Amino acid sequence: MPQVKMTVNGKPASGEVEGRTLLVEFLRENLGLTGTHVGCDTSQCGACVVHVDGKAVKSCTMFAAEAEGAEVLTIEGVAAPDGTMDAVQQAFQEHHGLQCGFCTPGMVMSARALLAENPTPSEAEIRDYLEGNICRCTGYHNIVKAIMAASGQDVSTIAAE
Amino acid sequence: MYAFDIERPTTLAEAVKHMAASEENQALGGGQTLIPTLKQRLASPEKLISLTGIDEIRGICEDDAGRICIGAATTHAEVAAGATAYPALAALAGNIGDPAVRNRGTIGGSLANNDPSACYPAAALGSGATIVTDKREIPADDYFEGMFATALEEGEIITEVKFPVPQKAAYMKFEQPASRFALVGVFVAKYADGVRVAVTGASEEGVFRWSEAEAALASDFSAGAVEGLSLSGDGMISDLHGSGDYRAHLVGVMTKRAVAAAG
Numbered sequence: 001m002p003q004v005k006m007t008v009n010g011k012p013a014s015g016e017v018e019g020r021t022l023l024v025e026f027l028r029e030n031l032g033l034t035g036t037h038v039g040c041d042t043s044q045c046g047a048c049v050v051h052v053d054g055k056a057v058k059s060c061t062m063f064a065a066e067a068e069g070a071e072v073l074t075i076e077g078v079a080a081p082d083g084t085m086d087a088v089q090q091a092f093q094e095h096h097g098l099q100c101g102f103c104t105p106g107m108v109m110s111a112r113a114l115l116a117e118n119p120t121p122s123e124a125e126i127r128d129y130l131e132g133n134i135c136r137c138t139g140y141h142n143i144v145k146a147i148m149a150a151s152g153q154d155v156s157t158i159a160a161e
Numbered sequence: 162m163y164a165f166d167i168e169r170p171t172t173l174a175e176a177v178k179h180m181a182a183s184e185e186n187q188a189l190g191g192g193q194t195l196i197p198t199l200k201q202r203l204a205s206p207e208k209l210i211s212l213t214g215i216d217e218i219r220g221i222c223e224d225d226a227g228r229i230c231i232g233a234a235t236t237h238a239e240v241a242a243g244a245t246a247y248p249a250l251a252a253l254a255g256n257i258g259d260p261a262v263r264n265r266g267t268i269g270g271s272l273a274n275n276d277p278s279a280c281y282p283a284a285a286l287g288s289g290a291t292i293v294t295d296k297r298e299i300p301a302d303d304y305f306e307g308m309f310a311t312a313l314e315e316g317e318i319i320t321e322v323k324f325p326v327p328q329k330a331a332y333m334k335f336e337q338p339a340s341r342f343a344l345v346g347v348f349v350a351k352y353a354d355g356v357r358v359a360v361t362g363a364s365e366e367g368v369f370r371w372s373e374a375e376a377a378l379a380s381d382f383s384a385g386a387v388e389g390l391s392l393s394g395d396g397m398i399s400d401l402h403g404s405g406d407y408r409a410h411l412v413g414v415m416t417k418r419a420v421a422a423a424g
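Protein chains in written order, with my numbering: chain A, 1 to 161; chain B, 162 to 424.
What follows is the structure, given as structure tokens:
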């Protein structure tokens with residue numbers, strides 16, 4: 001079986017993979033990074049979103065071999081080493097941007113990708129950017145609010161729902 | 162997925178060699194359609210030849226004829242951000258799938274697959290683009306041969322797509338909200354020598370040109386010129402999302418909207 005080498009959350013990672021091994025399988029099963037979730041396994045739900053070379057991708061729809069040499073960031077690499085959450089994670093907690101939490105890793109990774117591109121997105125821009133991330137609990141309202149708050153925008157006038 | 166090997170060449174020459182090695186080898190673009198297809202065991206290649214590591218078929222430039230030339234391994238996100246000289250094309254690319262899909266999916270992959278509801282075939286046909294492969298150049302009018310069928314031969318790899326830039330153009334997609342594919346999408350482009358109207362998502366034969374609308378728009382480029390024209394629902398895709406008649410009706414509606422948006 002071929003070897004694959006990449007950098008995951010700043011650390012070198014390598015392992016043997018099959019041609020058909022998905023990036024998400026490599027992350028979860030070879031590296032034990034189970035924060036990245038597999039929801040639908042059909043590229044629809046976005047629970048598996050990670051960053052590859054700075055771009056948000058669905059890790060269930062990319063082969064591990066295609067990430068050879070890449071810089072991969074997963075939800076485990078987002079908080080500071082001492083466990084301090086980053087602004088997006090903190091805002092999800094403060095604004096109740098999750099209920100069951102299954103979609104949250106993908107939501108956080110997509111939100112971070114959005115804020116990297118567009119530091120102060122409007123509500124419509126956030127909703128548009130999240131079209132590939134499905135949440136079946138929250139109705140999205142608090143997720144959108146959390147992302148607006150994480151971007152430093154005033155959310156005090158947005159009703160809690 | 163059935164088991165297969167994967168190769169990741171860094172030059173086109175290597176990729177061509179891998180493709181020629183066996184008829185069971187298949188090119189892999191961004192994989193946003195092929196990987197789900199493999200998961201459903203609808204394809205069983207011996208080996209996948211990944212094209213996304215080949216820098217020479219990636220990127221956007223302009224040729225001496227003023228055409229926008231897009232490398233086959235260029236992602237939708239890169240086209241959305243980089244095809245500034247052809248705003249209608251950039252807008253189309255920026256509305257395919259969702260952001261994560263656009264970071265992986267490629268123009269070459271989309272055109273090689275020729276999904277009957279994909280957006281890029283409408284842009285290529287509607288612009289009279291040229292599809293360049295490792296062997297030859299194929300005009301869009303000769304390239305699309307029906308649902309998931311193209312003029313590509315076994316082992317042939319798309320390397321680049323050249324788009325003549327129109328005076329005015331717009332793409333309007335009536336989105337199927339779950340898949341974000343086009344239920345019906347219409348690309349309208351006005352060139353000095355005529356108007357092209359390409360329709361995706363509607364016909365069982367895949368993307369097609371609506372010649373009646375092209376003729377009407379050539380003499381009067383306004384939404385009103387298309388008023389009164391209609392297509393038959395025969396031969397249109399009919400499924401749980403919409404009947405053939407509904408899709409035929411949408412073609413007219415989306416054409417008018419595209420003309421209005423093109424200005």
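Even for Gly, the Cβ is constructed at its ideal location relative to N, Cα and C.
Every value quoted in this text rests on a predicted model; they were computed, and no experiment measured them.
Beta-carbon proximity list for D111 of chain B, same chain, < 6 angstroms, skipping 5 on both sides: Residue 111 of chain B lies beyond the range of chain B shown here (162 to 424); nothing can be said about it.
Out of curiosity, what's the CA-to-CA distance linking P300 of chain B and M397 of chain B? 25 angstroms
Return the bridge partner residues of I292 of chain B from the DSSP annotation. In the DSSP output, where bridge partners are listed per residue, I292 of chain B has B:I299 and B:V322.
Taking G19 of chain A as the query, report the chain B residues whose CB atoms sit under 8 angstroms from its CB, ordered along the chain. A164, F165, D166, I167, K208 and L209
Rounded to a whole number of angstroms, what is the C-alpha to C-alpha distance between G243 of chain B and M62 of chain A? 23 angstroms
Could you give the first and the last residue of the continuous beta strand (DSSP E) run that contains I210 of chain B? Run containing I210 of chain B: K208 to S211, per the beta strand (DSSP E) assignment.
Per DSSP, what are the beta-bridge partners of V347 of chain B in this structure? B:M333 and B:V360
Strictly below 9 angstroms CB to CB, what residues from chain A border N186 of chain B? Under the 9 angstroms cutoff, chain A gives no residues; its nearest Cβ is about 12 angstroms from N186 of chain B.
In whole angstroms, give me the CA-to-CA distance for G287 of chain B and K200 of chain B. 32 angstroms
Any chance you could list the beta strand (DSSP E) runs of at least 3 consecutive residues sitting entirely within the segment 181-262 of chain B, in chain order? Listed in chain order, they are 186-189, 208-211, 221-223 and 229-232.
Using 8 angstroms as the limit for Cβ to Cβ distance, is Y129 of chain A near chain B? yes
CB contact check: M107 of chain A to chain B, cutoff 8 angstroms: Answer no: the Cβ-Cβ gap between M107 of chain A and chain B never drops below 8 angstroms.
Buried or exposed (CB count within 10 angstroms, at least 16 for buried), Y247 of chain B: buried
Using a Cβ-Cβ distance cut-off of 8 angstroms, determine whether V88 of chain A contacts chain B. Closer than 8 angstroms: no.
Nearest-angstrom Cα separation, counted from V358 of chain B out to R127 of chain A: The C-alpha of V358 of chain B is placed about 31 angstroms away from the C-alpha of R127 of chain A.
Any beta carbon from chain B within less than 8 angstroms of T157 of chain A's own beta carbon? Not closer than 8 angstroms to any Cβ of chain B, the Cβ of T157 of chain A fails to qualify, so no.
In DSSP terms, what Y352 of chain B is bridged to: Per DSSP, B:G355.
Can you name, in chain order, every residue of its own chain whose Cβ lies under 8 angstroms from the Cβ of H179 of chain B, other than the five neighbours on each side? E168, P170, N186, K208 and I210
Anything in the segment 172-196 of chain B with a Cβ closer than 7 angstroms to a Cβ of chain A? List those residues in chain order, please. G192, Q193 and I196
Neighbourhood of L411 of chain B by C-beta, 8 angstroms cutoff - its chain only, sequence neighbours within 5 removed: Cβ-Cβ distances below 8 angstroms link L411 of chain B to F335, L344, V345, A363 and G403 in the same chain, with the five nearest sequence neighbours on each side left out; the list follows chain order.
Near R370 of chain B, what residues of its chain come up, given a Cβ to Cβ distance below 7 angstroms and the 5 sequence neighbours on each side ignored? L286, R357, V358 and A359
C-beta neighbour in chain B for F63 of chain A, strict 8 angstroms: yes
Buried versus exposed call for K296 of chain B [16 or more other C-beta atoms within 10 Å across all chains shown]: Answer is exposed; the Cβ neighbour count stays below 16.
Please determine, among A:G77, A:C100 and A:C45, the residue with the shortest C-alpha to C-alpha distance to G54 of chain A. A:G77
For the segment 45-54 of chain A against the segment 99-111 of chain A, do three or more pairs of beta-carbon atoms, one drawn from each stretch, fall closer than 8 angstroms, so that the two count as touching? yes
Of the listed residues B:L173, B:A273 and B:P197, nearest to L22 of chain A (C-alpha basis): L22 of chain A has its Cα closest to that of B:P197, out of B:L173, B:A273 and B:P197.
With 8 angstroms set as the bound, which would you pick, yes or no: does the beta-carbon of D154 of chain A sit closer than that to a beta-carbon of chain B? Taking Cβ atoms only, chain B never reaches closer than 8 angstroms to D154 of chain A, which makes this a no.
Identify whether L390 of chain B lies in helix, strand or coil by the three-state DSSP scheme. coil
Inter-residue spacing [alpha-carbon to alpha-carbon] between E217 of chain B and L173 of chain B: Straight across, the Cα-Cα distance linking E217 of chain B with L173 of chain B is about 7 angstroms.
Can you name, in chain order, every residue of its own chain whose Cβ lies under 7 angstroms from the Cβ of L305 of chain B, other than the five neighbours on each side? The amino acid occupying residue 305 of chain B in the given sequence is Phe; Leu does not appear at that position. Excluding sequence neighbours, F305 of chain B sits near N275, P282, L286, T311, G367 and V368.
Give the secondary structure of S380 of chain B by DSSP, where H, G and I count as helix, E and B as strand, and everything else as coil. Residue state for S380 of chain B is assigned as helix, using DSSP reduced to three classes.
Would DSSP call L173 of chain B helix, strand or coil? If DSSP states are grouped into helix, strand and coil, L173 of chain B belongs with the helices.
Give me the Cβ distance between P260 of chain B and A116 of chain A, rounded to the nearest whole Å; I'm assuming they're in contact under 8 angstroms. Incorrect: roughly 11 angstroms between the Cβ atoms, too far for contact.
Restricting to Cα atoms, I'd like to know which of B:D406, B:V347 and B:I318 is closest to V387 of chain B. B:V347
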